[in-house]
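**Student:** Our numbering runs 1031 ahead of the 1-based position in the sequence shown.
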Amino acid sequence: MTRTRSIQLWPMIIVGLIVLFLGLTFWSIRQANQGVSAVTNDKYYSHGLRYNETQLEKQAAEALGWTMNSVLSGRQLVTGVTDKQGQSVPGLTLNAVIYPGKGEPIRQTLAATGDQTFILKIPANLSGQITIQLQANREGAGLSKTLLVNL
């Protein structure tokens, strides 16, 4: 008479879960060490120091009812600022900062076109995820927008 052994699954399931957990842990550590995200900003401390000033500008722009709309068309970012009535806001200056994945930020001051829109031309040598910060100002009121663009 032979005796059959019953296979106990619970120890194998527990060992499998431990192996899966360790595999995911090592994978996440490897992902974290592979490189710096393009979203990070070397000047985060100076942005933190300007936080109160930025909030005051944002409140002034909200009181005026300004909204900023951006559309990416190829390698051009077309941006317009409108008021509560949907009319373009005249007399704005728009500053743009492009943060490429590697290298120094690219700063540009944009001039308004005839219909009060601003066109930012993204350099051809940039690709992948790029962070673009836009800041519109007029007489102390300002509005800023940060975009993550994938080219």
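C-beta atoms are modelled at their ideal positions from N, C-alpha and C, and glycine is treated no differently.
Ile1153 and Val1109 - do their beta-carbons sit closer together than 8 Å?
**Tutor:** no
**Student:** What did DSSP end up calling Asn1156 once you bin it into helix, strand or coil?
**Tutor:** Taken through DSSP and simplified to helix, strand or coil, Asn1156 comes out as coil.
**Student:** Under three-state DSSP, which class holds Gly1054?
**Tutor:** helix
**Student:** So, does the CB of Ser1119 fall closer than 8 Å to a CB anywhere in chain E?
**Tutor:** The structure shown has no chain E; it contains just one protein chain.
**Student:** Taking the C-alpha atoms as reference points, what is the distance between Trp1058 and Tyr1130?
**Tutor:** 28 Å
**Student:** So Arg1081 is in the beta strand (DSSP E); what residue range does that whole segment cover?
**Tutor:** Neither: Arg1081 is in no beta strand (DSSP E) and is coded neither H nor E.
**Student:** Measure how close the beta-carbons of Gly1111 and Ser1119 come, nearest whole angstrom, since I'm counting them as under 8 Å.
**Tutor:** 6 Å
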